[in-house]
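Chemist: Have a look at this one.
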Amino acid sequence: MRKSALLLSVAAIAFAAPAIAQEAAATPQEAPSAAQEAAPVDDTAAADNSEQGDILITATRRSERLSDVPIAVSAVSQEALQNSGATDIRQLSQLAPSLLVSSTGSEANASARIRGIGTVGDNPGLESSVAVFIDGVYRSRTGSGLNDLGEVDRIEILRGPQGTLSGRNASAGTINIITKSPDMNKLGGYAEATYGNYNNVRVAGAITGPISETLGFRIDGVYNRRDGYYYDVTNNTDYNDRNRYFVRGQLLFEPSSDLTVRLLADYTRRNEKCCGAVYVDLRQKTDPTPGVPGDYAVSPNNPIVDIMKSMGAVFPSAGDPYNRRIANTPGRAYSNVTKDYGGSAQIDYNLGGASLTSITAYREYKSGGASDIDYSNLDIGYRADDGNNYRQFHTFTQEVRLNGEALGGKLNWLVGGYYSREDLQVVDNLQFGSQYGAFAACRAVASINPSAALRNPTAPGCLSPIGIGAVNATLGAAAPVVIGALNRLSTLNNLGSTRDVYNQNSENYAFFTHNIFKITDRLSFTAGLRYTHERKNFDATFNNNNTVCAAQQAALAPYLTNVQLASTAAALLTLTCTGNSSSTLNGKTIKDRLSEGEFTGTAVISYKPIDDLLLYGSYSRGYKAGGYNLDRSDLGLAYLPSTTASPNAAQLRFDPETVNAFEIGFKYKSRQFTLNVAGFRQEFSNFQLNTFNGTNYVVQNIGSCSKTLNGADRDASATTGACTGKVKHGVVSQGVEVEAGLYPARNFAVNLGYTFTDTKYQKKLVGSEAGEALDPALFLLSGQQLSNAPRHVVTASASWTPDIGDTGLSALFYVDGRMTSDYNTGSDLFVEKEQDGFFLLNARIGLRGDNKSWSIEAWAQNLLDTQYTQVAFNAPFQGAGSIGQVQAFGGVGNQVFSAFLAEPRTYGLTLRTRF
């Protein structure tokens, strides 16, 4: 489906069906469907707010009307989330066109993107470009936002670099989740129960009220269970299920009008099988005209697939990935437990001339990582469910802010400080499976000659008698060396890491200020400044029993300089030691540390020519800390014995990311119409990119060279393309955002959003601030749009809540849609990972009692059952080479590709009561 048709379909939903509109009562809490509409800060504010679409937010750590805040911010209320069916931040994308949230190998690995920018990949060593805060507390990684949130007051999405308003800095934006506070006036609460397809059962509720005149409480809880939407044909089980619960308790202490203390504690537990992946491309591509770039042909067979089939592999999704049938290795359909819990204390104290806010928090997070890493029923690689694979965060944060006014109210000032200490531990036990040796040997034989007659997976080295003869005939005197190496390779089974431990201790402190000076009643200037200091200590200890690698290195290392055998020896060593899995690492510990400091800030000029219109322009500088790639595969080339004999921790280090952002915009409001428009340009230097190339995770800092590289950033060599000039920003994100709200009647509202984002890599790319050559796996990046960065996104939502006579009852008719244009889901931009544009539609219809004391609602998410991919990837170990590589360099591309699919259509019935 092309973008023009999709744009028309969204417009039709928004305007062609006047019966489908949003409730728009006297307060914006009754008109919450759009991303730019949110519940007010409190009920008192709601009562005072008589204009639709002009609501109170706290994005600037001050209570301000949305139309008066000169920054790009969207907000979503609890009712908007409820109508759309969102229970976590991933589904927030349906209402916010500049936001995209996806998850990959585990829901612990979620990635949020704003304006096409986000942290890529599964490596927890990379901090989030989009920071997530829940009740003012920074969450270490975006995955925590995929937990059930309970009942929230609102969610604010700040676009662009942040740092002068709150504790943790972010280079792309923030998602600020504010949950419902205790009710100090009366006992109340809610309860709801949902049943849907895939045996979805969700029960949620809360109770709140006063304990005394100065103390109130609130308890929220959610239980959710659902069958998975993949079916594993070899283990006879479903995948991507839901089995989780969440509880949050709060105490609110108000001993006087000047002092408020809010205590929160929460606990989440998930025990789920995630994530299944289907095969989406099994083809082999070849070069039909060697020496003439730009074309490719598809072979009748792919030797990688043939080898796998000969060893018993099945491909239940071949030709139809959306049948959602997968095949994991028997006995390796693992579920993993994730625990996320912690507590916080927020103190707000009015000192008279200023207000003090203190937020103290401690959190722990642990997620298991047992998995069948090749996503096939062949036992090629796995992480055993033995307790030796997990990621764990222990995080303490302290934030203090002081704000007030001076100069007769002309200056509104804010100063603050922030401290955090984070202990991150990643434990890994990745091993080659029981069939890896035979598979890898057969793959090597096929690279010498693809004829199946040469292969016998049950024989040493995967060589049939014909194969042995062919190798002898081809290599002559060198044949015994290769045959011996193939024989050793075929014994590489159930070996690898038993318990690799990566520790990263981070200590961060910052001081920040954000000040608004009213030059006149209509003209204001905002200045913010922040200094951040980051210190990280890193160590890793390896436990590995892959003795085959060490034997292979001893036998083949002398041939790495042999003209005839160098490439063959390197290939066999890579297959044997891939990811730097070697017993020569066993018992070794590597250490490193980094310390960095950075000034960031913002400057904004805003002007109100009339009361209903705000004009503004801004500059911001953002920063994201450097760190370490918590993966031994990036220690160096696997075929070189020196890589594991003398491992260097500095090889895993990557540099900090910075951004210079420019924005102009306006905000218009009236009783029946709101319009917010922003134009932006963001220039990212040292952009942190994490790429999985089918074997290894590669982290590089993307920059652009001031001097020509003569195309060396687009070649297949890792030794060419270093920059001898100045390294400049490597990524630019620029575009326009439009948000509009229409409120023509009390129970009728429509909200629209459109984002055009041109988020591209620059040309003449390099892989670090020092100008090192770009990894050849990234040869397609130069001048291209980033992954998961669609150029066009349109959102529309509408709700109509008519009264039913004078019965006190009301109806609910709700619909929302999101149109997304084409984009690539892989960070290497391989053509096989492209996703065509698509349209998602959610709908809800219901009947509600007087004052919403009860309701019954039928709903559907992805009503049209749109089929699309979250992320496509190189199936681990299963081939090499893509269409792009064949077109550019010739040869053969036999890489098999898999994908994590998005959820299919879901529907159900919800009963809800409030008391």
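For the record, in the sequence shown the residue sitting at position 591 is 607 according to our numbering, with numbers rising by one throughout. For glycine and all other residues, C-beta sits at the position ideal for the given N, C-alpha and C. Small disclaimer: the values here were computed from a predicted structure and weren't measured.
#1: Restricting to runs no shorter than 4 residues, where is the alpha helix (DSSP H) found entirely within the stretch 561-637?
#2: On the DSSP letters alone, give me the boundaries of the alpha helix (DSSP H) that A812 sits inside.
#3: How long is the line joining the alpha carbons of R807 and R340, rounded to whole angstroms?
#4: Output needed for T345: all residues of its chain with C-beta closer than 6 Å, excluding positions within five of it in sequence on either side, in chain order.
#5: Kindly identify the DSSP beta-bridge partner or partners of V782.
#6: Give me the Cβ distance between G358 and E380, rounded to the nearest whole Å; I'm assuming they're in contact under 8 Å.
#7: Rounded to whole angstroms, what's the CA-CA distance from S360 to L591? Just pull it up for me.
#8: Do the CB positions of T771 and E785 come within less than 7 Å of each other?
#9: How big is the Cα-Cα spacing for Q107 and V117?
#10: Is Y239 closer than 7 Å to V219 when the C-beta atoms are compared?
#11: Are N562 and G500 close, meaning C-beta to C-beta below 7 Å?
#12: Between the C-alpha atoms of S374 and L267, what's the straight-line distance to the nearest angstrom?
#13: Express the C-alpha separation of F533 and G424 in angstroms, rounding to a whole number.
#14: Anyone know if the C-beta pair for L796 and L856 falls short of 7 Å?
#15: Going straight from the alpha carbon of L115 to that of V148, what length do you get?
#16: Alpha carbon to alpha carbon, how far is A566 from G449? Give it in angstroms, no decimals.
#17: Could you work out which residue in D236, E229, N259, N252 is closest to D243 when comparing CA atoms only?
#18: I need the boundaries of the beta strand (DSSP E) containing N676, first residue and last residue.
#19: From Q894 to N318, what distance separates their C-alpha atoms?
#20: Near A585, which residues of its chain fall below 6 Å by C-beta distance, leaving aside the five closest residues on each side in sequence?
#21: In terms of alpha-carbon separation, which member of I227, S156, Y777, P496 lies closest to K202?
#22: Taking the straight line between their C-alpha atoms, what separation do you get for A935 and A468?
#23: Going by beta carbon distance, what residues of the same chain come within less than 7 Å of V498, once the five residues before and after it are set aside?
#24: Can you give the Cα-Cα distance for A281 and G741, rounded to whole angstroms?
#25: Note down the Cα distance separating P473 from P892, rounded to an integer number of angstroms.
#26: Determine contact between the stretch 862-874 and the stretch 895-909, defined as no fewer than three beta-carbon pairs at a distance below 8 Å.
#27: Determine the direct distance from the alpha carbon of I872 to that of Y211, and round the result to whole angstroms.
#28: If you reduce the DSSP assignment to three classes, tell me which class P304 lands in.
#29: Please state the DSSP three-state secondary structure of Q38.
#30: Select from Q178, R538, L298 the residue whose C-alpha is nearest the C-alpha of D84.
#31: Taking its Cβ as the centre, do 16 or more other Cβ atoms sit within 10 Å of G483, making it buried, or is it exposed?
#32: Can you tell me whether P701 is buried or exposed? The criterion is at least 16 other CB atoms within 10 Å of its CB, across all chains shown.
#33: Starting from K355 and walking both ways along the beta strand (DSSP E), at which residues does that stretch end?
#34: Is there a Cβ of chain D sitting closer than 7 Å to that of E229, yes or no?
#35: Let's test the definition: count the other Cβ atoms within 10 Å of the Cβ of A666 and tell me whether it reaches 16, buried, or not, exposed.
#36: Which of the three DSSP states, helix, strand or coil, is assigned to Y211?
Modeler: Let me lay it out:
#1: 563-572, 582-593
#2: Here A812 belongs to no alpha helix (DSSP H); instead the beta strand (DSSP E) covers 808-816.
#3: 28 Å
#4: D388, N393, D395
#5: G719
#6: 6 Å
#7: 49 Å
#8: no
#9: 8 Å
#10: yes
#11: no
#12: 16 Å
#13: 11 Å
#14: no
#15: 13 Å
#16: 18 Å
#17: N259
#18: 673-685
#19: 11 Å
#20: L572, Y575, L576
#21: I227
#22: No statement about residue 935 is possible, as the shown extent of the chain runs from 17 to 931 and does not include it.
#23: V487, L491, T584
#24: 53 Å
#25: 19 Å
#26: no
#27: 12 Å
#28: coil
#29: With a pLDDT of only 32 at Q38, under 50, the local geometry of the prediction cannot be trusted, and no value is derived from it.
#30: R538
#31: buried
#32: According to the sequence as given, residue 701 is Ser; it is not Pro. S701 is buried by the Cβ-count criterion.
#33: 352-366
#34: Checking the listed chains, one finds no chain D in this structure; it contains a single protein chain.
#35: exposed
#36: strand
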